[in-house]
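Take a look at the structure below.
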Amino acid sequence: MNVEITSLTRRFGSVAAVAGVDLRLGPGVFGLLGPNGAGKTSLLRMMATAMPPSSGSLRLLGRDPGGYGPRCEIRRRLGYLPQNPGYYPGFTVAEYVEYFALLKEVPPARIRAAVATAVDRVALGDRKKARLRTLSGGMLRRASIAQAIVNEPDLLLLDEPTAGLDPEQRVAFRALLRDLGQRATVVVSTHLVEDVAAACAQVALMDRGKVVFAGTPESLAAQGDGHGAGDTPLERGYTAVLAQARS
Amino acid sequence: MTGARLARVAGGGAAPGTAHAGAAPVTWVRLVRLYAAGRRVPVAVLAMAACAAGLRIALLWHWDAYGALQLPLIFETAAAASVVATTADPFGEPERVAGRWLPFLRLAATAALTAAAIALLVAAGTGGHLAGGTLDVLRNVAGITGIGLLCAAALGAGLSWTVPTGYLIVAVYALYTQWHPPALSTPWLWPARPPHDLGGGLCAALAFAAGLAVITVRGARQRAGEAD
Amino acid sequence: MTAATRVSSATPRRPGADRPGLSTLRLLRLELRHNAMAWLLPVVFVLFWLVTYRKTMAMPPLWNVRAAGLQVGVAADFSVPVTGAAAWMGSREARRRVTDQVTITARSRWARLLVAWAATAIWAMLAYLGCLAVLYGVTAHQATWGGPLWWPAAVAAASVLVFCALGFVVGAFLPSRFTAPLVAIAVFFVLALSTEPIHGGHSVFQVSPIVTGPWDLGAQPGVATFYPFQPDLSVAQVMFLAGLSVALLGVLALPAGSAGRAMRAVAAGCAIAGLLAAGTAVGLTGTGTMDAAGMIDIPALHDAATGRPLEFTPVCSRTVIPVCLNPAYATYLPATASALAPLLSELAGLPGAPARIDQEPVAYKQGADNSVAFLLHEPAVSGTPPAFGLVLPVQLGYPAMTAAQQANQVVTTYGPDLVADVIGDGHGATQAQNAVATGLMIAAGLRRLDTYYVPSAQPASARPLPATPGGPDPGRSPGVAPGTPAYDAAERFAALPPAARHAWLVRNLAALRAGRLTLAQLP
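Residue numbers (this note's numbering), protein chains in the order written: chain A, 1 to 247; chain B, 1 to 228; chain C, 1 to 523.
What follows is the structure, given as structure tokens:
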């Protein structure tokens, strides 16, 4: 298992953003669904070691991120795309990805190839020398995805990765996710159920800091038969599970 | 929902197009408050107050001729830099295209903050041995703020401090040359001119007017990826 | 996006097997290319040229003076742009919202920030080295003796680094739009304020980088030309600035998560060591006193061997009585010798006339308040062979004069003393002596006696420098005012042909000095 979470909690003052989550994730693509404020981003940030948990147990890639050494080791094999990624406008696409490759301690001899591969995988190969300030929103998002995958992570965490991508790019991105998921654990937090349906083998639904559903997209869709509201089976399953959790 | 029901829900029962006339002053106050909050005006006022307090404390001592003229100039520049820092635009295009009030808000905020900076420093200097007096403070703060506003329009609010702080060094040196000739004396270095000097006053006023006009119309230059 | 494209994973990944040095260099290269300091270099260069270079070049071409100008100028000109740019770079991660993305990478925050700081510091130092090269290069071309003083240059370099460190650390901890301008101005304020508490010697505030020597003395052209430059204060300043820089950079690692435990311990140790070094330097500076050569001696840092006078070969003129100056002042020799030549040709060969005119050093003494006394020997012919000592006005730190103005000052200052020594003029002199002395000066073109010169009838141990031009010294040539019989005799004596005048003096000088001649016996 690449991710082992037991009773994980994160509090901000009196608010429990994550309230006792249990998860076991191995290689594959894992979707994380939930309404705004459900705790998805907080959970993702804890898995990205950007934020320590308030309580509970968290093991990533077989290590406890509480210690500095293990945390560094995890981070070398980790990729993270936050919901609102930042960037240095004067950097070119290649420099931006190279910067993160260097920070992630990708071996120097492999950096050039790794950067080229990552940039190609997000279809920015022809813009690799363009400065980030000249890119559109969607291209910036793709450049941010490239920095997340440049070190071929074993654990890839993506928060709203398809925001700003056009449908064609979204389709290609889902294919990329499936490809990455053959070897690594990919966790995708998203509002778009069709992303989950197309790319994820497993899905969890969070509400108010708790996981209220964990299973396959098909089983989530089945929850909505005759119950939920929505235009697709997965949407109906989503609303049905939420309604049940809140009742 | 039907269209009529939606209208009732949205309008709270009022007929479409009816203005909430009684709420207009409150709306203006809220708009100004929110604008000020977005520009970190309270922090700027705090910084200016700190400059005034520093000046007041500094005036408790008796300085030689160098200190008496150069120290107030340092506080004046810091206050001007605080004013200019509020020109940063955290919202970007959505704000720029949302209606017609933004230039007026920029004008009012910048002018009010400049006036506040001057007032705070003058108050701090009252009763102390503030060399140059009120006219000096007025001219220096307004002029250096103008330089900073022009910088903000050209380089962005984040880098608007570069030229005003460089100007401070040149002005301090120009003051020094009053005792160590040859004097560096041009109306464009107004801090080195006597408070009643017309040329220096005009140059400072011109800088302030130009900066205020540019900021009012165009705002600070938007830099991509800049956070607040 | 191409899902099919992938890097071959045949080579097993061993993240810890990379060469950290090479990665760091690559990171540094990226940072250098995108550093705000590079964009502020034009501001730095304009400030340096306007404020420091022009002023320093107007000073005499003496290494001590130029080095002091460089040190003070760099501290003043670089403080604001370097501190501001560093604060801007230190706050970059928060401003650009990349904090989360960079936090979760393997490289420690401390390492990451140090690389960004290093890039800023490299640009700042490149700018400084450029300014140093220009100023010292031009000085090397103009100076007539000596070589570059590197300790003041080291102090200037250390001050650039500490501005960079201070700005960067404040920006990293307080990322705000207000940070860069306010911290830059605050540093300038502290710098300007740092000298106000200095009172007399023993002041710890002399550790400030804008202090180049005894604060009450300033950068004196008379210092470090007859005696070696004493680097005591510079050493203490470098220790202070370097200690402060190391401490600040160590502080960057102190927040939790910034580095591993071992590295944080190292950083804490660096911070403590840096503070100790800075504190020690401050304490040492407080023990410093101004020596007679006008430089600060700090006992714990002082090398007594460097207190001996410098050995040099003076540069001498080819006048009948050679005028010999310290080679550092060689630029003043032609004008000085030319101005003194008429008088020297009147005196040459007379019994008691000096064989040469020698330049002497100035001695300094710290006063009880913030004053400094210039100690000058009474100008007189002495020694074997007999020599007459003088001090050039430039050694006394007067406002800038041309070489011709300096020479005129020398003549009007020392001419009367020189003549009086030979003729025996002074207290108790006869009217004949007064008239002959006056006549010689008129013949040499020194008609005006009411210009400034150093009063000579004062004890040699302490002669405070007069601040304003004075009138004729009553101790020299008294009673020789126009319209008096003595003045008429002086004019007649001056009107004689030079050869006749000289011959008369050779024959009658002894009697004149003994007071046996009257006005009527003068030709």
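Cβ atoms here follow ideal geometry from the backbone N, Cα and C, with glycine treated the same way.
Small disclaimer: the values here were computed from a predicted structure and weren't measured.
DSSP three-state call for F30/A: helix, strand or coil?
-> Here the question's residue 30/A lines up with position 30 in the first sequence. F30/A: strand per DSSP, three-state reduction.
Name the chain A residues that come within less than 8 Å of I104/C, Cβ to Cβ?
-> Looking up residue 104/C in the third sequence gives position 104. Simply A48, T49, A50, R75, L78, Y80.
Listing by chain order, which chain B residues have their CB less than 7 Å from the CB of P181/C?
-> Start at 1 with the first residue of the third sequence, and residue 181/C comes out as number 181. By Cβ distance, chain B contributes A81, A85, W161, T165.
If the cut is a Cβ gap below 7 Å, which residues of chain A does S23/C touch?
-> The sequence position of residue 23/C within the third sequence is 23, counting from 1. The answer, in chain order, is L102, E105, P108.
For A387/C, name the three-state secondary structure that DSSP assigns.
-> Here residue 387/C refers to the residue found at position 387 when the third sequence is read from its first residue. Strand.
Are the C-beta atoms of G38/B and some chain C residue less than 7 Å apart?
-> Residue 38/B sits at position 38 when you count from the first residue of the second sequence. It does not: the Cβ of G38/B has no partner Cβ on chain C nearer than 7 Å.
Taking only beta-carbon atoms, is I185/C less than 7 Å away from chain B?
-> Taking the third sequence and counting its residues from 1, one reaches residue 185/C at position 185. Closer than 7 Å: yes.
First and last residue of the uninterrupted beta strand (DSSP E) at I357/C = As a first step, residue 357/C must be located in the third sequence, where it is residue number 357. Element bounds for I357/C: 356 to 359.
Per DSSP, which one or two residues make a beta bridge with V188/A?
-> By one-based count along the first sequence, residue 188/A stands at place 188. Looking at the DSSP assignment, V188/A forms a beta bridge with G31/A, L158/A.
DSSP state of L449/C, grouped into three classes?
-> Working through the third sequence from its first residue, we reach residue 449/C at position 449. With a pLDDT of 47 at L449/C, under the threshold of 50, the modelled position of this residue cannot be trusted, and the question is left open.
For S371/C, which residues of its own chain have a beta-carbon under 7 Å away from its beta-carbon, when the five flanking residues on both sides are left out?
-> Against the third sequence, residue 371/C aligns to sequence position 371. Around S371/C: D216.
To which residues of the same chain is Q458/C closer than 8 Å at the C-beta, ignoring the five residues directly before and after it?
-> Stepping through the third sequence from its first residue, residue 458/C is reached at position 458. Unreliable positioning characterises Q458/C in this predicted model, as indicated by a pLDDT of 35, which lies under 50. The coordinate reading is nonetheless provided below. Closer than 8 Å at Cβ, skipping near neighbours: E378.
Span separating the alpha-carbon of P153/A from that of G257/C = Along the first sequence, one-based indexing puts residue 153/A at 153. Along the third sequence, one-based indexing puts residue 257/C at 257. If I take the Cα positions, the gap works out to 22 Å.
Hey, would you say A131/B sits closer than 7 Å to R218/B, going by beta carbons?
-> Residue numbering aside, residue 131/B sits at position 131 when the second sequence is read from its first letter. Residue numbering aside, residue 218/B sits at position 218 when the second sequence is read from its first letter. It is not a contact, given that the beta carbons lie outside the stated cut-off.
Best match in A109/A, S55/A, R141/A for proximity to Q169/A [C-alpha to C-alpha] = In the first sequence, the residue the question calls residue 169/A occupies position 169. Nearest C-alpha to Q169/A: R141/A.
Where the alpha helix (DSSP H) through G171/B begins and ends | As a position in the second sequence, residue 171/B is number 171, starting the count at 1. Checking the sequence, you will find Ala at residue 171/B rather than Gly. That run of the alpha helix (DSSP H) goes 162 to 176.
According to DSSP, what are the bridge partners of I5/A?
-> Here residue 5/A corresponds to residue number 5 of the first sequence, with the count starting at 1. DSSP output for I5/A lists L23/A, L58/A as bridge partner(s).
Best match in L73/B, A220/B, V41/B, L34/B for proximity to L193/C [C-alpha to C-alpha] | Position 193 of the third sequence, counted from the start, is the residue given in the question as residue 193/C. When each option's Cα is compared against that of L193/C, the closest is L73/B.
Of the listed residues M295/C, L343/C, T139/C, R95/C, nearest to G158/B (C-alpha basis) | As a working mapping, residue 158/B is identified with position 158 in the second sequence. That would be R95/C, whose Cα lies nearest to the Cα of G158/B.
Run the CB neighbour count on N84/A, radius 10 Å, all protein chains shown included, and call it buried at 16 or more, exposed below.
-> Here the question's residue 84/A lines up with position 84 in the first sequence. By the 10 Å Cβ count, N84/A comes out exposed.
Is V9/B buried or exposed, if buried means 16 or more other CB atoms sit within 10 Å of its CB?
-> Numbered from its first residue, the second sequence carries residue 9/B at position 9. The predicted model places V9/B with a pLDDT of 40, which falls under 50 and marks its position as unreliable; any figure quoted below should be read in that light. It is exposed - the Cβ of V9/B has fewer than 16 other Cβ atoms within 10 Å.
Same chain only: Cβ atoms within 6 Å of S144/A, ignoring 5 sequence neighbours per side | The sequence position of residue 144/A within the first sequence is 144, counting from 1. Taken in chain order, the residues that qualify are L81, P85.
In terms of alpha-carbon separation, which member of R208/A, P217/A, K40/A, F30/A lies closest to L180/A?
-> Here residue 180/A is taken as the residue at index 180 of the first sequence, counted from 1. L180/A has its Cα closest to that of F30/A, out of R208/A, P217/A, K40/A, F30/A.
With DSSP collapsed to three states, give me the class of R56/B.
-> Here residue 56/B refers to the residue found at position 56 of the second sequence. Residue state, collapsed to three classes: helix.
From the beta carbon of R177/C, is the nearest beta carbon of chain B less than 7 Å away?
-> Here residue 177/C refers to the residue found at position 177 when the third sequence is read from its first residue. For R177/C, the answer is yes, since a Cβ of chain B falls inside 7 Å of its Cβ.
What is the rounded straight-line gap between the Cα of S7/A and the Cα of D22/A?
-> As a first step, residue 7/A is located in the first sequence; it is residue number 7 there, counting from the start. As a first step, residue 22/A is located in the first sequence; it is residue number 22 there, counting from the start. Cα to Cα, the separation comes out at about 5 Å.
Residues of its chain near M1/A, where Cβ-Cβ distance is below 7 Å and the 5 sequence neighbours each way are ignored | In the first sequence, the residue the question calls residue 1/A occupies position 1. R24, L25, G26, listed in sequence order.
Taking buried to mean at least 16 other C-beta atoms within 10 Å of its own C-beta, is I147/B buried or exposed?
-> Working through the second sequence from its first residue, we reach residue 147/B at position 147. Burial call: buried.
L168/B touches chain C at which residues, Cβ-Cβ below 8 Å?
-> Locating residue 168/B in the second sequence gives position 168, counting from the first residue. V80, I185, F188, listed in chain order.
If A85/C sits next to T56/C, beta carbons under 8 Å apart, how far is it from one beta carbon to the other, in whole angstroms?
-> On the third sequence, position 85 is the one that residue 85/C refers to. On the third sequence, position 56 is the one that residue 56/C refers to. So it is not a contact: roughly 24 Å between Cβ atoms.
Own chain partners of A197/A with C-beta closer than 7 Å, once the 5 adjacent residues on each side are dropped = Stepping through the first sequence from its first residue, residue 197/A is reached at position 197. Within the same chain, A197/A has close Cβ partners P217, L234.
Report back the beta-carbon spacing between P181/C and W190/B to the nearest angstrom; my notes put them in contact at under 8 Å.
-> As a first step, residue 181/C must be located in the third sequence, where it is residue number 181. As a first step, residue 190/B must be located in the second sequence, where it is residue number 190. Actually they do not touch by this definition, with Cβ atoms about 20 Å apart.
Which runs of the alpha helix (DSSP H), 4 residues or longer, sit entirely within the stretch 99 to 146 of chain A?
-> 108 to 121
Within the same chain, show all residues whose beta-carbon is closer than 7 Å to that of T179/C, passing over the 5 residues directly before and after it, in chain order.
-> Residue mapping note: residue 179/C aligns to position 179 of the third sequence, counting from 1. Correct list, in chain order: A87, S91, V170, G171.
Please determine, among V391/C, T336/C, V362/C, the residue with the shortest C-alpha to C-alpha distance to A403/C.
-> Taking the first residue of the third sequence as position 1, residue 403/C is located at position 403. Comparing Cα positions, the closest option is T336/C.
Jot down the residue ranges of each uninterrupted beta strand (DSSP E) in the stretch 374 to 443 of chain C, minimum 3 residues, whole runs only, in chain order.
-> 387 to 390
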